[in-house]
Amino acid sequence: MKIAVVGCGYVGLVTGVVLADLGNEVVCVDSHQEKLDKLRKGIPTIYEPGLEELLQRTLADGCLRISDSIEDATLQSEIVFIAVGTPASEDGTPDLSAVQEVAEEIGRAIVRKAAPEPSPPAPSPYPSASLGIGGGGADRHTVVVNKSTVPVGSGDLVESILRQQGAPPEAFDVVSNPEFLREGSAIHDSLRPDRIIIGARRREAANKLVELYAPLERPMHITDPNSAELIKYASNAFLATKISYINAIGRICELAGADVGDVAKGVGADQRIGHQFLQAGLGWGGSCFPKDVQGLVSTAEKLGYDFRLLREAAAINDAQTERFVERLEQSLGGFGGKRIGVLGLAFKPNTDDIREAKSLAILRAILDRGGSVAAYDPVASPHVEKLFPDVCYVDSPYDAAAGADALVLVTEWNEFKQIDLARIAAAMRGRLLFDGRRVYSRQLAERAGLEYHTIGS
Ligand code: UDX
């Protein structure tokens, strides 16, 4: 199939590359020249395992093209994905301005595409006369697919924008197809999603996506666009709530002398609950959970429902980091003049994304209160350096520990699990190990001569 993907961010780039790898003709569109230059050379603009290889392969075999023209991409594609960012605006509602701008351009291109051929007809790339999908004019019909995470009703908004631009209703369909990929395992998640959600008003439009995704052989759920949009928010908010729930249980464990790791193991063994997303720690960050939880709270509010459960899940999440920092400060007797080693800066392992990373709040608190920091992350340091130029960025966990009064683990990269704790203890000035992700065992840490503090036990 001929596909356009507008927006080369996380979702857009991974979607484009994966669809190209499946043998479709894909054009990925973005407006940032620097990004386009890199992508054309086969250099991914984000760190994601497996992406570079796939990008280079699909560019080399001609299945993937990189472009700056939404119009050209729309003219030559039967399906156009909108995968631009929808960052949270100040009141918590997602900012849809990028979606709106892109929809306007797509709308203008659809008008051109749907216009009757001038006569005598030049050799035309769109030979059919009718515009309808499934009819002879499928080449001139466009399925516009919203992949960006957008509030309920955004499909209707895109549809109204396309119409405002003059696009004839029979020339397009708007479909919601939310993306569930996780950073760090994005390629795998795109190829093996648990489910594919397709929200369409017309069955023929849904079928177009069913056909596109058929090679993946994964379950597909067809529903209306509003339900599809809500499925994305409801899923992310549920998972975030699950993490906040286990973190609240962790707090009780601390007070009761229990261990949240063991509790989570027992709780998760109930198949109705499951083991995933029961890892207690500093809480959730990243580009999705904080934004989507807030987005659902504000959507509910607009509709007249106070989603207190979700507001509390967010409050529990914020408190996780605040309490951790307070405990650290207390153990050190204040941050003034103290050196803190920080292990991990990315919001989670296997990504260089630092959006809503717990490290940022922790660094801010330590520096504001007079401490100094030596930080190590396998890939995310350059991003954090732009925000915190005063932090000393080092090349190994042992360098972060050197001369430190306390060592704090913020992101559970695999390489931290293998660390030699005795070597860490020998390098440090103090004894405090604060484990924000429950990576180490108390026994091993104490055997290495460290004073172990963690969350949930
Ligand atoms: C999430 C959703 O999982 C994905 O389906 C959606 O498309 C985008 O948002 P992502 O943000 O990439 O993906 O990361 P995820 O692995 O879900 O982790 C989110 C946050 O929760 C991270 O900060 C992580 O550290 C935290 N987390 C996760 C926990 O604290 N405990 C857990 O048990 C799991």
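Using the working numbering, read the sequence shown as starting at 67 and increasing by one per residue.
Just so you know, even glycine gets a beta-carbon here, dropped at the ideal spot from N, CA and C.
Through-space distance from residue j to residue i, alpha-carbon basis
{"i": "Y311", "j": "A468", "result": "36 Å"}
{"i": "I309", "j": "E245", "result": "21 Å"}
{"i": "N214", "j": "G399", "result": "Reading off the sequence shown, one finds Ser at residue 214, where the question assumed Asn. Each residue's alpha carbon lies about 46 Å from the other."}
{"i": "V84", "j": "L376", "result": "34 Å"}
{"i": "S65", "j": "I176", "result": "Only positions 67 to 523 of the chain appear in the structure, and residue 65 is not among them; the question remains open."}
{"i": "R229", "j": "E367", "result": "29 Å"}
{"i": "R435", "j": "D290", "result": "51 Å"}
{"i": "A195", "j": "P182", "result": "Residue confidence is low: A195 scores 41 on pLDDT, short of 50, so the model does not pin down where it sits. No coordinate-derived value is stated."}
{"i": "A306", "j": "R178", "result": "44 Å"}
{"i": "A180", "j": "P235", "result": "10 Å"}
{"i": "D486", "j": "D461", "result": "16 Å"}
{"i": "D384", "j": "N90", "result": "43 Å"}
{"i": "D260", "j": "D456", "result": "43 Å"}
{"i": "Q342", "j": "R206", "result": "44 Å"}
{"i": "A237", "j": "R267", "result": "14 Å"}
{"i": "Y605", "j": "A511", "result": "Beyond the ends of the chain as shown, which are 67 and 523, falls residue 605; an answer cannot be given."}
{"i": "I253", "j": "G116", "result": "7 Å"}
{"i": "D255", "j": "R374", "result": "31 Å"}
{"i": "G352", "j": "R258", "result": "22 Å"}
{"i": "S220", "j": "G334", "result": "36 Å"}
{"i": "F401", "j": "Q484", "result": "28 Å"}
{"i": "V216", "j": "R489", "result": "48 Å"}
{"i": "A397", "j": "I420", "result": "Per the sequence shown, the amino acid found at residue 397 is Ser instead of Ala. If I take the Cα positions, the gap works out to 27 Å."}
{"i": "T365", "j": "F355", "result": "15 Å"}
{"i": "L429", "j": "G349", "result": "16 Å"}
{"i": "E100", "j": "I112", "result": "13 Å"}
Residue i: CB within 7 Å of a non-hydrogen atom of the ligand UDX
{"i": "C319", "result": "no"}
{"i": "N302", "result": "yes"}
{"i": "K331", "result": "no"}
{"i": "I309", "result": "yes"}
{"i": "S353", "result": "yes"}
{"i": "Q122", "result": "no"}
{"i": "S248", "result": "It is worth fixing the name first, because residue 248 is Arg in this sequence and not Ser. Yes; taking the cut-off as 7 Å, the Cβ of R248 has a heavy atom of the ligand UDX nearer than that."}
{"i": "G349", "result": "yes"}
{"i": "E114", "result": "no"}
{"i": "K414", "result": "yes"}
{"i": "E245", "result": "yes"}
{"i": "L79", "result": "no"}
{"i": "Q484", "result": "no"}
{"i": "L305", "result": "yes"}
{"i": "F343", "result": "yes"}
Residue nearest to residue i in terms of C-alpha spacing, selected from the options
{"i": "G173", "options": "V146, Q484, E91, G349", "result": "V146"}
{"i": "V474", "options": "L141, V150, G250, E395", "result": "E395"}
{"i": "D138", "options": "E156, C94, Y371, E270", "result": "C94"}
{"i": "H287", "options": "N302, A303, R269", "result": "R269"}
{"i": "I339", "options": "L117, G316, F304", "result": "F304"}
{"i": "L141", "options": "T124, I69, A492", "result": "I69"}
{"i": "S97", "options": "A322, L162, R421, I136", "result": "I136"}
{"i": "E156", "options": "S425, F454, S507, K357", "result": "K357"}
{"i": "G151", "options": "E144, D161, S143", "result": "D161"}
{"i": "E144", "options": "M67, E422, Y113", "result": "M67"}
{"i": "R301", "options": "Q337, G361, A322", "result": "With the sequence shown as reference, residue 301 is identified as Ser, and Arg is not the correct amino acid for it. Among Q337, G361, A322, the Cα nearest to that of S301 belongs to G361."}
{"i": "G158", "options": "V363, G349, A491", "result": "V363"}
Nonlocal neighbours in the same chain, by C-beta distance under 7 Å from residue i, ignoring five residues either side
{"i": "A470", "result": "R405, I406, G407, A440, M494, R495, G496"}
{"i": "Q509", "result": "none"}
{"i": "W479", "result": "G410, P415, P444"}
{"i": "R513", "result": "none"}
{"i": "Y371", "result": "none"}
{"i": "D316", "result": "At residue 316 the sequence reads Gly, which differs from the Asp that was named. Excluding sequence neighbours, G316 sits near V326, A346, I521, G522."}
{"i": "A427", "result": "T387"}
{"i": "H449", "result": "D418, I420"}
{"i": "F482", "result": "L409, G410, P463, L475, V505"}
Spatial neighbours of residue i in its chain, beta-carbon cut-off 8 Å, leaving aside the 5 residues before and after
{"i": "S190", "result": "At S190 the pLDDT is 47, less than 50, meaning the model places this residue with poor confidence and gives no usable figure here."}
{"i": "I148", "result": "V72, G73, V165, V168, A169, I172, V210, V211, N212, K213, S214, V224"}
{"i": "S447", "result": "L411, A441, Y459"}
{"i": "L369", "result": "none"}
Own chain partners of residue i with C-beta closer than 6 Å, once the 5 adjacent residues on each side are dropped
{"i": "A86", "result": "V92, T124, C129, L130"}
{"i": "Y192", "result": "Model confidence at Y192 stands at a pLDDT of 44, short of 50, so the residue's coordinates are unreliable and nothing is read from them."}
{"i": "E320", "result": "none"}
is_contact[residue i, chain E] using C-beta, thresh 8 Å
{"i": "Q342", "result": "As a matter of chain content, chain E is missing from the structure shown, which is built from one protein chain."}
Heavy atom of the ligand GTP within 7 Å of residue i beta-carbon
{"i": "F355", "result": "The ligand GTP is not among the ligands present in this structure, which contains only the ligand UDX."}
Next on the checklist: For the pair the stretch 293–300 and the stretch 487–503, tell me if three or more CB-CB distances fall below 8 Å.
Outcome noted: With the cut-off at 8 Å, the stretch 293–300 and the stretch 487–503 do not touch.
Checklist entry - Hey, is the stretch 414–421 in contact with the stretch 375–392, meaning 3+ C-beta pairs nearer than 8 Å? => result Output reads no: the stretch 375–392 does not touch the stretch 414–421.
Checklist entry - Any contact of the stretch 379–388 with the stretch 321–335, i.e. 3+ C-beta pairs under 8 Å? => result Contact between the stretch 379–388 and the stretch 321–335 is absent: fewer than three C-beta pairs spanning the two stretches fall below 8 Å.
Next on the checklist: Does the stretch 275–286 come into contact with the stretch 239–258, if we say contact requires no fewer than three beta-carbon pairs (one atom in each stretch) closer than 8 Å?
Outcome noted: Below 8 Å, enough C-beta pairs join the stretch 275–286 and the stretch 239–258 to call them touching: three or more.
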